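Below is one structure; the comments refer to it alone.
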Amino acid sequence: MVAIKNILAFAGLAAAGSFNGTGQLRAQWNSGDYADLGCITDEGLYTANEDLCGSFDAKATTGSSMYTYTLTSPAGPCQIYGASLTCSKGNQPYQFGIWPWPNSIPNTQSLRWGQYGLMASSVKNPPDPTDAPEDIHFVTYSETGKYVWLTWKEL
């Protein structure tokens, strides 16, 4: 039992290095070469236009045995509304977590909320750099194109 507690404690420390401080949310393909397909804007929208990439402050929360954090952008706190990511001044900050389990990107921590993490747009996956930013939501598996995990790029 002591070994399991040590492993869990180490996992919590390792998770704290990601989704902490200031960074970008990157959209990485969930298959193949795990290509970086774009980013998330300050408003929580999916884009491939690097000039529109948002910046986010991730702050650790307390009271959970797993690493959880809130995200805030210049547009406001981030939350999941329905199944979509949104960041706006009127939002209540949500507790997000790290997706360390199989089926995510090897050796890379990804955003999760509850049991959900894999995301897509209903418009185009991935968007073109010239496209307007698109809503991104947890997959329903009816979307076409490449599904993504949201990962952290420290700024």
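Using mature numbering (1 follows the signal peptide of the UniProt record, and there is no 0), the letters of the sequence shown map in sequence onto residues -16 to -1, 1 to 139. Every residue, glycine too, gets a C-beta built ideally from N, C-alpha and C. Quick caveat: nothing in here was measured; it's all calculated off a predicted structure.
Cα-Cα separation, residue i to residue j
i           : j            : result
tyrosine 18 : alanine 104  : 14 Å
glycine 74  : glycine 60   : 7 Å
tyrosine 53 : glycine 5    : 10 Å
serine 88   : threonine 56 : 24 Å
Proximal residues to residue i (C-beta, below 6 Å), its chain only, five neighbours per side dropped
i              : result
tryptophan 136 : Ser2, Phe3, Gly7
Contacting residues, own chain, Cβ-Cβ under 8 Å from residue i (five flanking each side not counted)
i            : result
valine 107   : Asp115, Glu118, Asp119
glutamine 41 : Here residue 41 is aspartate; the residue named in the question, glutamine, does not match the sequence. Closer than 8 Å at the Cβ level, and outside the excluded window around aspartate 41, lie Gly5, Thr6, Leu55, Thr56, Ser57.
Which of helix, strand or coil DSSP assigns to residue i
i               : result
lysine 137      : strand
leucine 102     : coil
threonine 70    : strand
phenylalanine 3 : coil
glutamine 93    : coil
tyrosine 53     : strand
glutamate 127   : coil
alanine 44      : strand
Beta-bridge pairing of residue i - partner residues as DSSP gives them
i          : result
valine 132 : Trp13, Met103
proline 61 : Thr56
Same chain only: Cβ atoms within 7 Å of residue i, ignoring 5 sequence neighbours per side
i           : result
residue 209 : Since the displayed the chain opens at -16 and closes at 139, residue 209 lies outside it and no answer follows.
* Asked: Which residue spans inside the segment 6 to 42 form an unbroken alpha helix (DSSP H) run of at least 4?
  -> none
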